[in-house]
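Number 64 in the UniProt record's numbering belongs to position 64 of the sequence shown; there are no gaps in the numbering.
A virtual CB, placed ideally from N, CA and C, is assigned to each residue, including glycine.
Structure record follows, encoded as structure tokens.
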Amino acid sequence: MAPVSLDPGAQLNLQGRPWARPQPLLFRGRISQRVELSRSQLQVVGERISLAQAKIEKIKGSKKAIKVART
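Following this line, the structure appears as structure tokens:
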């Protein structure tokens with residue numbers, strides 16, 4: 001099994017915590033990918049919320065009957 005390479009600047013991330021170990025690049029990549037995925041999902045949700053708020057503002061105060069479609 002090949003040794004896992006560590007980030008050369010990992011020692012700087014310890015910040016006075018001798019028990020903290022630098023993480024291999026493999027794990028940092030996985031976490032970064034997950035964070036990026038979560039951010040993109042949040043962006044999509046935010047866009048849907050903005051669209052819904054715009055639709056609400058458009059019909060606010062209207063006396064006309066409104067049919068609400070479920071998605």
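With respect to the 7 Å criterion, I49 and I59 are not classified as neighbours on the basis of their beta carbons. Shown here, S62 sits in coil according to DSSP, grouped into three states, outside any helix or strand. V68 carries a coil assignment under DSSP once its states are collapsed to helix, strand and coil. Around L51, the same chain offers no residue with a beta carbon nearer than 8 Å, after the five sequence neighbours per side are excluded.
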